[in-house]
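Enquirer: Input: one structure, supplied below.
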């Protein structure tokens, strides 16, 4: 799940899960999911080096639809209807969707790409769980024409319409043939880059994952978390947890999950 409101509704069931003796994990795909645990590992290593993480930046890239078809189109339209929640100096701040942009280097295979701010759940979970006072998340696609089209849609299409699930699903279905044709040209690669920065905005540590097929990576990362939950069966207390809360319980858990989730990556740096 990449919807912030949905993740918060899941977390609101924490007390009920504890009472029922059930352990559940939400937002455990690739981003969010793998990205949460990558960020947790980066923050841990930064602190072990005697430094204090001042900001955490999540950056994501997907070429075309990433091979997942209308799903990513519909979810992107829905996210574009919401103000992006970011954390600044420990406080929740709202920014208009796609209103902030930055160029991000996703490594040799993907290169530099335009990314734009979006409303994603790992922003709030990273702040709450990892204690980083400044957190934001950006997303971009290819070809860059699609980024420009998304920017135009945010300005021209009412948020109430973009946020209508029926409209988003139908619009995604209509545009899918065009997107599939574009996918044949640009491929379906995906990338994650996470930066931990100090107070001068200098990067202290960074992590990078890139994969050739987003569709396969989503399944692999979800399965990696499922396998990890089986590994620690009986050790995870009842409640509703974010991925980083699962692996923070032990370094061995973090290492096992990351090894499985990063299998077959084009580039992997942590």
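In this note's numbering, the protein residues as written are 673 to 942. Where is the CB? At the ideal position from N, CA and C, for every residue including glycine. Because the structure is a prediction, the values reported are computed rather than measured.
From the DSSP output, in three-state form, read off residue 811 for me.
Expert: As a first step, residue 811 is located in the chain shown; it is residue number 139 there, counting from the start. DSSP places residue 811 in strand when its eight states are reduced to three.
Enquirer: Would you be able to state if there are at least three C-beta pairs under 8 Å between the region 711 to 724 and the region 791 to 805?
Expert: yes
Enquirer: Over what stretch of residues does the beta strand (DSSP E) that includes residue 732 continue unbroken?
Expert: Position 60 of the chain shown holds residue 732. From DSSP, the beta strand (DSSP E) with residue 732 extends over 727 to 735.
Enquirer: Any chance you could list the alpha helix (DSSP H) runs of at least 4 consecutive residues sitting entirely within the region 811 to 890, in chain order?
Expert: 816 to 828, 831 to 834 and 837 to 858
Enquirer: Going by beta-carbon coordinates alone, are residue 842 and residue 726 separated by less than 9 Å?
Expert: The residue given as residue 842 occupies position 170 in the chain shown. The residue given as residue 726 occupies position 54 in the chain shown. Going by C-beta atoms, residue 842 is not nearer than 9 Å to residue 726.
Enquirer: Any idea which residues DSSP pairs residue 786 with across the strands?
Expert: The sequence position of residue 786 within the chain shown is 114, counting from 1. Paired residues: 775.
Enquirer: So, with DSSP's three-state summary, where would you put residue 910?
Expert: Within the chain shown, residue 910 is the residue found at index 238, counting from 1. Here residue 910 sits in coil by DSSP.
Enquirer: For the beta strand (DSSP E) containing residue 918, name the first residue and the last one.
Expert: Counting from one through the chain shown, the residue named residue 918 turns up at place 246. Here residue 918 belongs to no beta strand (DSSP E); instead the alpha helix (DSSP H) covers 915 to 919.
Enquirer: Entirely within the region 682 to 734 and at least 4 residues each: give me those alpha helix (DSSP H) ranges in chain order.
Expert: 686 to 692 and 706 to 720
Enquirer: Near residue 757, which residues of its chain fall below 7 Å by C-beta distance, leaving aside the five closest residues on each side in sequence?
Expert: Numbered from 1 along the chain shown, position 85 holds the residue referred to as residue 757. Cβ within range, chain order: 676, 764, 766, 791, 795 and 796.
Enquirer: To the nearest angstrom, report how far apart residue 872 and residue 729 are at their CA atoms.
Expert: For the purposes of this step, residue 872 is identified with residue 200 of the chain shown, where counting begins at 1. For the purposes of this step, residue 729 is identified with residue 57 of the chain shown, where counting begins at 1. Their backbone Cα atoms lie some 14 Å apart in a straight line.
Enquirer: Any contact between the region 886 to 894 and the region 685 to 695? By contact I mean 3 or more CB pairs, one from each, below 8 Å.
Expert: no
Enquirer: Please look up how many angstroms separate the CB atoms of residue 737 and residue 914, rounded, as I've assumed it's under 8 Å.
Expert: Along the chain shown, read from residue 1 onward, the residue named residue 737 stands at position 65. Along the chain shown, read from residue 1 onward, the residue named residue 914 stands at position 242. Contact flag wrong, Cβ pair sits at about 26 Å.
Enquirer: Considering only DSSP beta bridges, list what residue 765 is partnered with.
Expert: The residue you call residue 765 lines up with position 93 of the chain shown. According to DSSP, residue 765 bridges with 758.
Enquirer: Quick check: residue 805 and residue 788, are their CB atoms within less than 9 Å of each other?
Expert: Here residue 805 refers to the residue found at position 133 when the chain shown is read from its first residue. Here residue 788 refers to the residue found at position 116 when the chain shown is read from its first residue. No; because the gap between Cβ atoms is not below 9 Å, this pair is not in contact.
Enquirer: With DSSP collapsed to three states, give me the class of residue 903.
Expert: Locating residue 903 in the chain shown gives position 231, counting from the first residue. Helix.
Enquirer: Any idea if residue 909 is buried or exposed, counting beta-carbon neighbours within 10 angstroms, 16 or more meaning buried?
Expert: As a position in the chain shown, residue 909 is number 237, starting the count at 1. That one is exposed.
Enquirer: Can you have a look at residue 861 and say buried or exposed, based on whether 16 or more other CB atoms are within 10 angstroms of its CB?
Expert: Taking the first residue of the chain shown as position 1, residue 861 is located at position 189. Buried, since its Cβ has 16 or more Cβ neighbours within 10 Å.
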